[in-house]
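Residue numbers (UniProt numbering): 1 to 447.
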């Protein structure tokens, strides 16, 4: 399966990697740290699926998994995978040349890209095919389902594929990632996994010698080993410097001040606050009493641009950890400048209101979430999301990706999109310490 791929035309200096010890016979550039990332990311997403928390493009969430197996690492599988990856071909080799094991591929159009980051991004990209393309609730891999473009996801989620071996290869024109799976998944007309509540006892796993990991909702096969010893140490990050005003000299990422200004101005056009935003549900969306005016944040921009250039479609870890919101839009051309792309992206998000309509009570309900058609509009309109950072990137030389992240994030289930009422006319109307009212715009300006 060859979609989606992630391409970004840039190069990073290669970091130093520690000598591997888990597969001492495999002299292929893999390290124990990279191996552990592949294992951890597969098990993280398999656990999310098993718990019924994996968002599905077709609505709601993928069904829970009754006996999803926990993945472990296999040096023999790695040896085969790495040997093929060294050929630097972004295409699947014949099944008989890989012992009929399953195979996932991913590539980034930059040489010597970080191998640890490539490991994380590749598995994330495969997993997020569920969100991008969707799998029907029947959870059977028919040819029709396979043709939706979810073959990487289904292999990641295939219940019985419990051993993996992976490789990250620095090729002359790309960074190539490959994982192989033993036993293989993606058998047509078979269940991706058994549907049901995840295990709570060893007996629930229904496999000889397996134990239930209740916290993970995964079944652990007998003889399970880890690549690296478990650690409770948390990673540390160095905070980026924030420059007030939205101009970001330290973000050498191709974004222009003109594009930043368009993103801010388009978000702040304030049609919603003044009751002038046409609603498909009838008439206009209600006025907003305390809608915050958006400003630009260089920290957020740095994060969203770093993610956008991978063209992987899914959430990125820092955005999730910070609980920032996000919006994306694809423009099916590369012949567009940044200011035009910025304007088109925000217009597309705002147009969801007129196309699909917002709920009458203006509350972001579970029903609204499951419909999955106005979430860009609701994030754009989320009252408290008052700082943004955005990125524009050309993907695969075939389309332009527009993305914005929002701090603080919006789209919280059961909460109003914004407070309904006449827009502010005095500073006191804003009901936030130090805020001032922009009467002409009907927006509240944060201190």
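Glycine residues also receive a C-beta, built at the ideal position from the N, C-alpha and C atoms.
In angstroms, rounded to a whole number, what distance separates the CA positions of residue i and residue j?
i: residue 199; j: residue 217; result: 6 Å
i: residue 404; j: residue 177; result: 27 Å
i: residue 265; j: residue 127; result: 35 Å
i: residue 446; j: residue 248; result: 20 Å
i: residue 31; j: residue 165; result: 12 Å
i: residue 350; j: residue 288; result: 15 Å
i: residue 370; j: residue 87; result: 43 Å
i: residue 225; j: residue 133; result: 34 Å
i: residue 524; j: residue 364; result: With the chain covering only 1 through 447, there is no way to say anything about residue 524.
i: residue 361; j: residue 125; result: 36 Å
i: residue 428; j: residue 290; result: 10 Å
i: residue 284; j: residue 421; result: 13 Å
i: residue 463; j: residue 348; result: With the chain covering 1 to 447 only, the question about residue 463 has no answer from this structure.
i: residue 439; j: residue 330; result: 35 Å
i: residue 449; j: residue 384; result: No information on residue 449 is available, as it lies outside the stretch 1 to 447 that the chain covers here.
i: residue 339; j: residue 259; result: 5 Å
i: residue 402; j: residue 435; result: 30 Å
i: residue 286; j: residue 272; result: 7 Å
i: residue 84; j: residue 46; result: 26 Å
i: residue 333; j: residue 305; result: 19 Å
i: residue 37; j: residue 167; result: 12 Å
i: residue 145; j: residue 400; result: 27 Å
i: residue 103; j: residue 152; result: 8 Å
i: residue 58; j: residue 75; result: 37 Å
i: residue 302; j: residue 268; result: 21 Å
i: residue 136; j: residue 215; result: 27 Å
i: residue 256; j: residue 188; result: 48 Å
i: residue 389; j: residue 205; result: 45 Å
i: residue 98; j: residue 150; result: 21 Å
i: residue 298; j: residue 106; result: 30 Å
i: residue 279; j: residue 327; result: 20 Å
i: residue 396; j: residue 381; result: 31 Å
i: residue 40; j: residue 48; result: 12 Å
i: residue 90; j: residue 251; result: 32 Å
i: residue 274; j: residue 254; result: 35 Å
i: residue 358; j: residue 415; result: 13 Å
My output table needs one value for residue i: the three-state DSSP class, helix, strand or coil.
i: residue 248; result: coil
i: residue 292; result: strand
i: residue 42; result: helix
i: residue 37; result: helix
i: residue 328; result: strand
i: residue 90; result: coil
i: residue 211; result: strand
i: residue 84; result: helix
i: residue 201; result: coil
i: residue 438; result: strand
i: residue 346; result: helix
i: residue 73; result: strand
i: residue 424; result: coil
DSSP puts residue i in a beta bridge; with which residues?
i: residue 190; result: 141
i: residue 416; result: 363
i: residue 165; result: 180
i: residue 305; result: In DSSP, residue 305 forms no bridge with anything.
i: residue 406; result: 325, 388
i: residue 55; result: 61
i: residue 108; result: 175
i: residue 263; result: Answer is none; residue 263 lacks a bridge partner.
i: residue 170; result: 175
i: residue 103; result: 180
i: residue 400; result: 331, 394
i: residue 284; result: 278
i: residue 445; result: 436
Residue i and residue j look like a contact to me (Cβ under 8 Å); what is the Cβ gap, rounded to whole Å?
i: residue 73; j: residue 22; result: 7 Å
i: residue 208; j: residue 220; result: So it is not a contact: roughly 13 Å between Cβ atoms.
i: residue 444; j: residue 292; result: 5 Å
i: residue 163; j: residue 182; result: 5 Å
i: residue 80; j: residue 180; result: 6 Å
i: residue 108; j: residue 175; result: 5 Å
i: residue 270; j: residue 441; result: 5 Å
i: residue 123; j: residue 77; result: Contact doesn't hold; Cβ gap of about 15 Å is too wide.
i: residue 342; j: residue 262; result: 4 Å
i: residue 379; j: residue 406; result: 6 Å
i: residue 336; j: residue 366; result: Incorrect: roughly 36 Å between the Cβ atoms, too far for contact.
i: residue 70; j: residue 213; result: 6 Å
Hey, does residue i have any beta-carbon neighbour from chain C nearer than 8 Å?
i: residue 400; result: Absent from the structure is chain C; it holds one protein chain and no more.
Just to check, is the beta-carbon of residue i closer than 7 Å to a non-hydrogen atom of the ligand MN?
i: residue 345; result: In the structure shown, the ligand MN is absent, as is every other ligand, since no ligand is present at all.
Check whether the region 369-378 and the region 304-311 touch, using three or more Cβ-Cβ pairs below 8 Å as the test. no
Count the C-beta pairs between the region 49-65 and the region 179-195 that are closer than 8 Å, then say yes if the count reaches three, no if not. yes
Are there three or more Cβ pairs, one per stretch, closer than 8 Å when the region 102-120 is compared with the region 135-149? no
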